[in-house]
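Below you'll find the structure, written out as structure tokens, and then a few comments.
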Amino acid sequence: MQTYNDIFKLTRPLLTLAKRDPSNYHLTGHLIRSSVYPLPWMLGDFDRVGYYEGGNMPGNLDGDFLLVQQDKIKDVESKLKGTYYTDTLTIRNYQDPSKAFFSAKVFKDVFPGKEPDFVGNAPKPAPSPAPAKIP
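Okay, structure coming up:
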């Protein structure tokens with residue numbers, strides 16, 4: 007099966023960061039899809055990428071980048087805490103679309119002038135207690 011050019015929506019931002027600074031080959035990525043081919047070959051230099059097939063998911067879903075199959079997006083989004091840039095892509099024909107998530111902290115320079123598309127459920131800081139009133 008032929009891979010669509012949509013795949014570059016995922017790989018181009020990653021390779022842009024890695025070219026700027028080789029330490030970015032150590033970004034944490036989660037690919038949650040029933041079929042991840044050809045991504046293990048395309049992302050082979052990135053040494054912290056987890057490939058989750060068959061319904062598996064990492065304990066902590068937040069990562070520097072994610073690629074999530076369409077039928078898992080709502081579940082994943084409900085568990086994310088971070089802020090992300092997102093894009094939709096289709097890897098190959100006869101496959102459902104996937105959603106790519108790029109951490110806003112890590113990828114802000116790759117998407118200049120763009121506001122993040124997704125804000126997770128980060129715990130909000132507890133409000134400061136009101137000062138006690140002195141009678």
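Whatever position you read off the sequence shown (first residue = 1), add 6 for my numbering.
Just so it is clear, CB atoms sit at the ideal spot from N, CA and C, and this is done for glycine as well.
Of all the CB atoms in chain C, is at least one closer than 8 angstroms to the CB of residue i?
i, result
"P118", "Judged by its chain identifiers, the structure shown contains no chain C, having just a single protein chain."
Give me the Cβ distance between residue i and residue j, rounded to the nearest whole Å; I'm assuming they're in contact under 8 angstroms.
i, j, result
"H32", "L67", "Actually they do not touch by this definition, with Cβ atoms about 19 angstroms apart."
"Y90", "F52", "In fact, because the Cβ distance is near 18 angstroms, the residues do not count as touching under 8 angstroms."
"Y57", "P46", "6 angstroms"
"T96", "Y10", "6 angstroms"
"Q76", "P103", "5 angstroms"
Just to confirm my understanding: we take residue i, look at its own chain, exclude 5 residues before and 5 after, and list those with CB closer than 7 angstroms. What are they?
i, result
"T92", "K105, A106, F107, D123, F124"
"D115", "none"
Who are the Cβ neighbours of residue i in its own chain at under 6 angstroms, not counting the five residues just before and after it?
i, result
"G69", "T34, G35, H36"
"A24", "N30, Y31"
"V82", "L67, V74"
"V55", "G35, L49"
"V42", "Y57"
"V112", "D70"
Which same chain residues end up closer than 8 angstroms to residue i when comparing Cβ atoms and leaving out the 5 residues on each side of it in sequence?
i, result
"K87", "D68, G126, N127, A128, P129"
"M48", "I13, T17"
Are the Cβ atoms of residue i and residue j separated by less than 8 angstroms?
i, j, result
"K80", "I38", "no"
"F71", "L20", "yes"
Exposed or buried, residue i, counting other C-beta atoms within 10 Å across all chains shown (16 or more means buried)?
i, result
"Q8", "exposed"
"S84", "exposed"
"S151", "Only positions 7 to 141 of the chain appear in this structure, which leaves residue 151 out of reach."
Inset, instruction - Please specify which runs of the alpha helix (DSSP H), each continuous and at least 4 residues long, are wholly inside the segment 46 to 85, giving them in chain order. - result: 79 to 85
Inset, instruction - For the segment 105 to 134, list the alpha helix (DSSP H) runs that are entirely contained and at least 4 residues long, ordered along the chain. - result: 110 to 113
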